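**Q** Handing you a structure now.
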Amino acid sequence: MEDSNVLFAFGLTLFAGLSTGVGSIMAFMSKKFNPRFLAGSLGFSAGVMIYVSLVEIFVKAKDSLTISYGEKVGYTYTVIGFFVGIAVIALIDKLIPSVENPHEIKTMDSPPKDLKLMRMGIFSALAIGIHNFPEGLATFMAAIEDPALGISIAIAIAIHNIPEGIAVSAPVYYATKSRPKAFWLSFLSGLAEPIGALVGYFILRHIFNDATFGLIFAGVAGIMVYISLDELLPTAEEYGEHHVAIGGLIAGMLVMAISLLLFV
Numbered sequence: 036m037e038d039s040n041v042l043f044a045f046g047l048t049l050f051a052g053l054s055t056g057v058g059s060i061m062a063f064m065s066k067k068f069n070p071r072f073l074a075g076s077l078g079f080s081a082g083v084m085i086y087v088s089l090v091e092i093f094v095k096a097k098d099s100l101t102i103s104y105g106e107k108v109g110y111t112y113t114v115i116g117f118f119v120g121i122a123v124i125a126l127i128d129k130l131i132p133s134v135e136n137p138h139e140i141k142t143m144d145s146p147p148k149d150l151k152l153m154r155m156g157i158f159s160a161l162a163i164g165i166h167n168f169p170e171g172l173a174t175f176m177a178a179i180e181d182p183a184l185g186i187s188i189a190i191a192i193a194i195h196n197i198p199e200g201i202a203v204s205a206p207v208y209y210a211t212k213s214r215p216k217a218f219w220l221s222f223l224s225g226l227a228e229p230i231g232a233l234v235g236y237f238i239l240r241h242i243f244n245d246a247t248f249g250l251i252f253a254g255v256a257g258i259m260v261y262i263s264l265d266e267l268l269p270t271a272e273e274y275g276e277h278h279v280a281i282g283g284l285i286a287g288m289l290v291m292a293i294s295l296l297l298f299v
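The sequence shown runs 36 to 299 under my numbering.
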């Protein structure tokens with residue numbers, strides 16, 4: 036892995052992770068907040084991630100594993116890796132209590148007003164950090180292999196990190212009435228993504244080969260599909276209308292398909 040590629044990949048991961056700060060700002064500007072726009076954006080992000088996972092990342096994983104193990108065994112390992120990725124992120128989801136789960140994002144129209152707000156914000160930050168760790172690895176590995184693909188994934192993840200920022204900053208702000216505290220806690224929760232990239236780099240750089248790359252990419256594809264179906268689309272529908280979310284989903288797939296065609 037060349038140093039320039041590593042720096043570029045890390046920069047993309049940092050951008051994606053710290054976009055939680057955008058969610059913080061939106062939470063403070065709730066009167067100007069547009070739920071339909073956010074719903075469409077989340078649907079768009081899901082479309083990008085689902086399309087790129089199944090059409091690009093899964094195929095790249097299969098190609099790499101085929102080189103190492105042959106056609107049938109390589110394809111089998113790709114499928115196994117894909118569902119292992121889903122199992123890992125589903126297990127992480129299961130271990131996080133639902134009341135603090137960042138998937139359970141509520142609208143800003145009627146924020147909760149109990150004494151547990153601060154605790155909710157802190158636990159949301161921790162939960163989001165756990166979820167963002169594998170996303171950081173996904174963005175980093177994609178950018179190392181294909182910078183254009185890495186950019187697309189980073190943008191999609193950045194969009195879906197916005198409501199996560201809201202999930203952290205809103206309860207902290209209503210508990211403390213301090214915008215700086217709410218902003219920084221939300222902002223720092225996104226650091227798990229570049230940390231995931233760094234851990235992945237230092238652990239994997241000595242064993243990086245076709246087999247390693249293929250297994251990781253297969254798992255990443257599974258993680259991204261799960262996040263899209265379990266996080267992005269349900270949250271998009273909670274914020275806006277069903278057809279706005281689905282329209283965003285289709286638009287995301289179309290834009291991703293066109294962008295991939297431009298690099299063929």
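Quick reminder that beta carbons are idealized off the backbone N, C-alpha and C, glycines included.
Small disclaimer: the values here were computed from a predicted structure and weren't measured.
Suppose the cutoff is 6 Å on Cβ atoms and the five residues either side in sequence are ignored; what does the same chain contact list for residue 76 look like?
**A** In the sequence shown, the residue the question calls residue 76 occupies position 41. So the list reads 194, once near-sequence residues are dropped.
**Q** Measure the beta-carbon distance from residue 175 to residue 96 and round it to whole angstroms, keeping in mind my assumption that it falls under 8 Å.
**A** Residue numbering aside, residue 175 sits at position 140 when the sequence shown is read from its first letter. Residue numbering aside, residue 96 sits at position 61 when the sequence shown is read from its first letter. Not a contact, Cβ separation roughly 15 Å.
**Q** Please confirm whether residue 167 and residue 54 have their CB atoms less than 8 Å apart.
**A** Along the sequence shown, one-based indexing puts residue 167 at 132. Along the sequence shown, one-based indexing puts residue 54 at 19. Their beta carbons are not under 8 Å apart, which means residue 167 does not touch residue 54 by this criterion.
**Q** Is residue 226 helix, strand or coil by DSSP?
**A** Looking up residue 226 in the sequence shown gives position 191. Here residue 226 sits in coil by DSSP.
**Q** State whether the segment 82–91 contacts the segment 270–290, with contact taken as three or more CB pairs (one from each stretch) at a distance under 8 Å.
**A** Verdict: yes, contact present.
**Q** For residue 304, which of 296, 273, 253, 277 has the nearest alpha-carbon?
**A** With the chain represented from 36 up to 299, any question about residue 304 goes unanswered, as that position is not in the structure.
**Q** Residue 198 to residue 223, Cα distance in whole Å?
**A** Position 163 of the sequence shown holds residue 198. Position 188 of the sequence shown holds residue 223. Their Cα atoms are separated by approximately 15 Å.
**Q** Contact check, residue 127 vs residue 255 under 8 Å by CB: the rounded distance?
**A** As a first step, residue 127 is located in the sequence shown; it is residue number 92 there, counting from the start. As a first step, residue 255 is located in the sequence shown; it is residue number 220 there, counting from the start. The pair is not a contact, with the Cβ atoms about 14 Å apart (cut-off 8 Å).
**Q** Please report how far the alpha carbon of residue 294 lies from the alpha carbon of residue 263, in whole angstroms.
**A** For the purposes of this step, residue 294 is taken as residue 259 along the sequence shown, with counting starting at 1. For the purposes of this step, residue 263 is taken as residue 228 along the sequence shown, with counting starting at 1. Those two C-alpha atoms are separated by around 20 Å.
**Q** Residue 167 by DSSP, collapsed to three states: which one?
**A** Residue 167 sits at position 132 when you count from the first residue of the sequence shown. Reduced to three states, the DSSP call for residue 167 is helix.
**Q** Excluding the 5 residues flanking residue 279 on each side, which residues of the same chain have their C-beta closer than 6 Å to its C-beta?
**A** Against the sequence shown, residue 279 aligns to sequence position 244. Around residue 279: 71, 74, 75.
**Q** Please classify residue 260: is it buried, with 16 or more other beta-carbons within 10 angstroms of its beta-carbon, or exposed?
**A** Within the sequence shown, numbered from 1, the residue matching residue 260 stands at position 225. Flag for residue 260 reads buried.
**Q** Among 113, 227, 189, which has the Cα closest to the Cα of residue 247?
**A** For the purposes of this step, residue 247 is taken as the residue at position 212 of the sequence shown. The shortest Cα separation from residue 247 among 113, 227, 189 belongs to 113.
**Q** To the nearest angstrom, how far is it from the Cα of residue 40 to the Cα of residue 187?
**A** Along the sequence shown, one-based indexing puts residue 40 at 5. Along the sequence shown, one-based indexing puts residue 187 at 152. Approximately 16 Å between the Cα atoms of the pair.
**Q** From residue 265 to residue 271, what does the alpha carbon distance come to, in whole angstroms?
**A** Taking the sequence shown and counting its residues from 1, one reaches residue 265 at position 230. Taking the sequence shown and counting its residues from 1, one reaches residue 271 at position 236. Going by the C-alpha atoms only, they are around 11 Å apart.
**Q** Would you report the Cα separation of residue 177 and residue 171, rounded to the nearest angstrom?
**A** In the sequence shown, the residue the question calls residue 177 occupies position 142. In the sequence shown, the residue the question calls residue 171 occupies position 136. Rounded to whole angstroms, residue 177 to residue 171 spans 10 Å at the Cα level.
**Q** DSSP three-state call for residue 266: helix, strand or coil?
**A** As a first step, residue 266 must be located in the sequence shown, where it is residue number 231. Three-state DSSP puts residue 266 in a helix.
**Q** Residue 257 to residue 209, Cα distance in whole Å?
**A** The sequence position of residue 257 within the sequence shown is 222, counting from 1. The sequence position of residue 209 within the sequence shown is 174, counting from 1. Rounded to whole angstroms, residue 257 to residue 209 spans 36 Å at the Cα level.
**Q** Kindly give me the distance between the Cβ atoms of residue 229 and residue 45, rounded to whole angstroms, as I take these residues to be in contact under 8 Å.
**A** If you number the sequence shown from 1, residue 229 lands on position 194. If you number the sequence shown from 1, residue 45 lands on position 10. The pair is a contact, with the Cβ atoms about 6 Å apart (cut-off 8 Å).
**Q** Rounding to the nearest angstrom, what Cα-Cα distance links residue 215 and residue 51 in this structure?
**A** Along the sequence shown, read from residue 1 onward, the residue named residue 215 stands at position 180. Along the sequence shown, read from residue 1 onward, the residue named residue 51 stands at position 16. Those two C-alpha atoms are separated by around 21 Å.
**Q** Can the beta-carbon of residue 78 be found closer than 8 Å to that of residue 284?
**A** Mapped onto the sequence shown, residue 78 falls at position 43. Mapped onto the sequence shown, residue 284 falls at position 249. Cβ atoms of residue 78 and residue 284: closer than 8 Å.
**Q** If you draw a straight line from the C-alpha of residue 282 to the C-alpha of residue 276, how long is it?
**A** On the sequence shown, position 247 is the one that residue 282 refers to. On the sequence shown, position 241 is the one that residue 276 refers to. Taking the straight line joining both Cα atoms gives about 10 Å.
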